[in-house]
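Here is the structure we will look at, set down as structure tokens.
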Ligand SMILES: C[S@@+](CC[C@H](N)C(=O)[O-])C[C@H]1O[C@@H](n2cnc3c(N)ncnc32)[C@H](O)[C@@H]1O
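Residue numbers (the working numbering): 15 to 229.
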């Protein structure tokens with residue numbers, strides 16, 4: 015849930031009213047995610063989805079990697095910007111839920127460009143020889159630092175990595191957080207900021223998106 019959704023629903027509505035319309039397939043997918051899953055708040059949702067689509071359209075990537083498919087909402091948003099002949103690989107480990115993204119990927123105009131793999135992200139990053147233009151990471155927070163370490167060699171120069179939930183509901187402001195996930199997200203934000211090979215900025219949209227460009 016976003017800060018505005020929780021604390022100022024009027025502003026949240028204003029932001030939605032002033033973003034481009036969500037494609038019909040995404041509207042259906044969002045509704046079905048809320049009906050059929052136990053943690054629907056994990057979905058990127060309207061505003062973040064439109065941001066991912068616009069960023070992808072600006073970059074026109076040929077090769078995208080997404081870590082954490084869930085029901086496939088962000089996958090379809092990112093696919094909107096793919097260059098002709100480009101592809102997006104999306105990874106998840108949740109076999110039970112896989113029927114949902116598969117169903118929507120098949121219906122989508124990007125069906126032929128989406129490679130959905132049920133595979134642990136660390137395993138994939140450890141063995142792939144591919145180089146990506148855009149990497150979106152939205153999975154287990156405890157592994158965020160490792161995803162950055164492994165992902166940075168798989169990103170082309172000028173390519174962009176985006177991490178979701180980097181404000182962790184404001185918990186990154188805690189001095190000595192007890193929660194492991196908060197510690198790991200803080201470690202990621204510090205590691206990225208200290209790395210001279212990257213330029214970075216955190217967008218406070220929703221739960222915070224860390225935009226990281228390889229120099
Ligand atoms: C927040 S959800 C992703 C939301 C999705 N990107 C969206 O925007 O709708 C996180 C997903 O990461 C997946 N995940 C957790 N650990 C993973 C791992 N080691 N490798 C790949 N996926 C993982 C979970 O199963 C879950 O579906």
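All C-beta atoms in this analysis are idealised placements derived from N, C-alpha and C, irrespective of residue type, glycine included. These figures come from a predicted structure and were not determined experimentally.
Contact residues of ligand 1 (beta-carbon closer than 5 Å to any heavy atom; chain order) are 56, 57, 58, 82, 84, 87, 88, 105, 106, 107, 108, 134, 135, 152, 153 and 154. Residue 83 holds the alpha-carbon nearest to the alpha-carbon of residue 128 among 193, 188, 83 and 185. Annotated as distal: residue 48 and residue 86, with beta-carbon spacing of 7 Å or more. Inter-residue distance for residue 151 and residue 192 is about 23 Å (C-alpha atoms, whole angstroms). Going by beta carbons, residue 215 and residue 199 fall outside the 7 Å limit. By the C-beta density criterion, residue 25 is exposed, having fewer than 16 other C-beta atoms within 10 angstroms. Under the three-state reduction of DSSP, residue 128 is assigned to strand. In the DSSP annotation of this structure, residue 220 is not part of any alpha helix (DSSP H), being labelled neither H nor E. For residue 51, there is no enclosing beta strand (DSSP E), as DSSP marks it with neither H nor E. Counting along the chain, the unbroken alpha helix (DSSP H) around residue 139 starts and ends at 135-141.
Here residue 80 carries a strand assignment [DSSP, helix/strand/coil]. Bridge partners of residue 179 according to DSSP: none are assigned.
Here the C-alpha atom of residue 207 lies approximately 21 Å from the C-alpha atom of residue 81. DSSP places residue 226 within a strand segment (E or B) once states are collapsed to three. The shortest C-alpha to C-alpha distance from residue 223 to any of 51, 203, 188 and 212 is the one to 203.
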